[in-house]
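Written below as structure tokens is the structure these notes are about.
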Amino acid sequence: MTALNLSRLITAAADAIAAHAEELTALDQAIGDGDHGLNMKRGFEAVRAETEAYSAKPLPEALKAIGTKLVMTVGGASGPLFGTLFMALGKEISTDPDHANLTAAFGKAIEAVAARGKSQVGQKTMLDVLQPVHDALAVGKTASELADIADAAAEATVPMKALRGRASFLGDRSIGHMDAGARSTALLVRTVAQIIGDKA
Ligand code: ADP
Ligand code: MG
Numbered sequence: 690m691t692a693l694n695l696s697r698l699i700t701a702a703a704d705a706i707a708a709h710a711e712e713l714t715a716l717d718q719a720i721g722d723g724d725h726g727l728n729m730k731r732g733f734e735a736v737r738a739e740t741e742a743y744s745a746k747p748l749p750e751a752l753k754a755i756g757t758k759l760v761m762t763v764g765g766a767s768g769p770l771f772g773t774l775f776m777a778l779g780k781e782i783s784t785d786p787d788h789a790n791l792t793a794a795f796g797k798a799i800e801a802v803a804a805r806g807k808s809q810v811g812q813k814t815m816l817d818v819l820q821p822v823h824d825a826l827a828v829g830k831t832a833s834e835l836a837d838i839a840d841a842a843a844e845a846t847v848p849m850k851a852l853r854g855r856a857s858f859l860g861d862r863s864i865g866h867m868d869a870g871a872r873s874t875a876l877l878v879r880t881v882a883q884i885i886g887d888k889a
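Numbers given in the working numbering equal positions in the sequence shown, counted from 1, plus 689.
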């Protein structure tokens, strides 16, 4: 990825999170504590502020630095989890990743999130978007298909019962609402898909 692409990616991600912060907050208000929109906005604005520094780094180093920044600034349960996702991606990805490396690195990063969160697919979390997107990437779906798969996967968390995170405290009452972290993950997937397109 070129520095220009990384800079466009950061700007687009921060814009998407800012544009949807209220929606993410509302989702988290329904079955959590209502801070997810603000948490994500704070984190991605902190990343945006360092765009130039990240763009000057090779992709693996940039992703690790972004992950570290997210851990420090997002807060909540999701901060360390999104931070782990980007840090692990940075650890596994090559400087100029092809489809195979991107898929493998993304898979490892998801494993790192699951280990950090002691969570797995089906528990109404961000993993319920990450994993189907990974699987679709692995079988060669296009970028726009991946974005739609991410949205559908976030939607599919609505009937799930939360088994991890604050929403799990509600038990059956968590059913009928979309998971906030699944929604923010879908927003990020669509952003990445739009910028990287089918070149990845
Ligand atoms: P907090 O729950 O501390 O208020 P946020 O509101 O920022 O933090 O983030 C909540 C989101 O984090 C959830 O919607 C869910 O997607 C994700 N999450 C929480 N706990 C876990 C976990 N153990 N594994 C994976 N994702 C989790
Ligand atoms: Mg919250």
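Positions of the beta carbon are idealized from the N, C-alpha and C atoms, including for glycine. None of the values given here were measured: they were computed from a predicted structure.
### Task
Can you grab the Cα-Cα spacing for the pair A869 / I755, in whole Å?
What you label residue 869 is simply residue 180 of the sequence shown in a count that begins at 1. What you label residue 755 is simply residue 66 of the sequence shown in a count that begins at 1. Going from the Cα of A869 to the Cα of I755 covers about 21 angstroms.
### Task
In angstroms with no decimal places, state the Cα-to-Cα distance between Q809 and L877.
Counted from its first residue, the sequence shown places residue 809 at position 120. Counted from its first residue, the sequence shown places residue 877 at position 188. Using only the alpha carbons, I get a separation of about 20 angstroms.
#### Entry: Any non-hydrogen atom of the ligand ADP closer than 6 angstroms to S863 Cβ
As a first step, residue 863 is located in the sequence shown; it is residue number 174 there, counting from the start. No, since every heavy atom of the ligand ADP falls outside the 6 angstroms radius drawn around the Cβ of S863.
### Task
Go ahead and pull the three-state DSSP assignment for M729.
In the sequence shown, residue 729 corresponds to position 40, counting from 1. Correct three-state label for M729: helix.
### Task
Could you tell me which uninterrupted beta strand (DSSP E) segments, each at least 3 residues in length, are contained entirely in the segment 775–855, listed from first to last along the chain?
none
### Query
Is it true that the CB of T874 sits closer than 7 angstroms to the CB of V818?
As a first step, residue 818 must be located in the sequence shown, where it is residue number 129. As a first step, residue 874 must be located in the sequence shown, where it is residue number 185. Their beta carbons are under 7 angstroms apart, which means V818 touches T874 by this criterion.
### Among M815, A845, A702 and A856, nearest to V802 - alpha-carbon criterion
On the sequence shown, position 113 is the one that residue 802 refers to. Checked all of M815, A845, A702 and A856; the closest Cα to V802 is M815.
#### Entry: First through last residue of the alpha helix (DSSP H) which encompasses E750
For the purposes of this step, residue 750 is taken as residue 61 along the sequence shown, with counting starting at 1. Here the alpha helix (DSSP H) through E750 covers L748 to T762.
### Message
Let's test the definition: count the other Cβ atoms within 10 Å of the Cβ of M776 and tell me whether it reaches 16, buried, or not, exposed.
### Response
The sequence position of residue 776 within the sequence shown is 87, counting from 1. It counts as buried.
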